[in-house]
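J.: Dropping the structure in here first, questions after.
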């Protein structure tokens with residue numbers, strides 16, 4: 156007969172399975188890419204070309220396409236240098252609209268997206284179309300665009316983050 160004051164000892168069944176539900180305190184936070192073995196996508200920087208060009212009073216209104224080309228060329232270094240605290244490598248998309256839509260593709264590292272209508276709508280389309288999890292940063296000072304992009308999970312940098 157066992158002593159009522161001595162608890163019964165049960166040997167634990169090893170190895171115990173580690174819970175893997177998201178609520179588990181044992182689950183290590185890993186990116187989807189790390190779990191799948193696929194390389195993680197670099198951060199995506201989407202630049203509101205019209206807004207960034209318009210933030211520099213350099214006569215852009217006389218030659219919108221020329222101003223967009225100058226911006227495109229300034230962005231060319233970003234894939235290797237990063238932007239505003241976002242370390243390299245990064246992917247860069249410049250969204251152009253209106254008279255700037257016809258600029259040539261230019262140097263590697265900056266993808267040109269030509270908006271057939273609103274540049275803001277094109278930017279939102281790009282943000283919405285990116286698979287998650289991926290860090291997406293929209294460069295703009297446009298309050299309406301900022302609000303729409305943030306609602307989709309994007310971060311925002313102002314035009315002053317772009318090298319002059």
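In my numbering, the protein residues as written are 156 to 319. In this text, a Cβ means the ideal position worked out from N, Cα and C, and glycines have one as well.
(1) Considering just the uninterrupted stretch of the beta strand (DSSP E) at residue 268, what are its terminal residues?
(2) Output the distance between the C-alpha atoms of residue 229 and residue 199, rounded to the nearest integer angstrom.
(3) Excluding sequence positions up to five away, which residues of its chain have a Cβ less than 6 Å from the Cβ of residue 264?
(4) Would you please verify whether the beta carbon of residue 230 is less than 8 Å from any beta carbon of chain C?
(5) At a cut of 8 Å, does the region 202-213 reach the region 243-252 through at least three beta carbon pairs?
(6) What residue from 247, 246, 297, 274 has the CA that sits closest to residue 256's CA?
(7) Assign residue 249 to one of three DSSP states: helix, strand, or coil.
(8) Residue range of the beta strand (DSSP E) that residue 213 falls in?
(9) Specify, as a first and last residue, the run of the beta strand (DSSP E) that residue 228 falls within.
T.: In short, the structure shows the following:
(1) Residue mapping note: residue 268 aligns to position 113 of the chain shown, counting from 1. Segment 265-269, the beta strand (DSSP E) holding residue 268.
(2) The residue labelled residue 229 in the question sits at position 74 within the chain shown. The residue labelled residue 199 in the question sits at position 44 within the chain shown. Going by the C-alpha atoms only, they are around 17 Å apart.
(3) The count along the chain shown starts at 1 and reaches residue 264 at position 109. Excluding residues within five positions, the ones whose Cβ falls inside 6 Å are 231, 234.
(4) Any reference to chain C falls outside this structure, which holds one protein chain only.
(5) Enough Cβ pairs lie closer than 8 Å, so yes.
(6) What you label residue 256 is simply residue 101 of the chain shown in a count that begins at 1. When each option's Cα is compared against that of residue 256, the closest is 274.
(7) Within the chain shown, numbered from 1, the residue matching residue 249 stands at position 94. In this structure, DSSP gives residue 249 an extended state, which the three-state scheme calls strand.
(8) Here residue 213 corresponds to residue number 58 of the chain shown, with the count starting at 1. First-last for residue 213: undefined, no H or E at that position.
(9) The residue you call residue 228 lines up with position 73 of the chain shown. Counting along the chain, no beta strand (DSSP E) covers residue 228; the unbroken alpha helix (DSSP H) around it starts and ends at 219-230.
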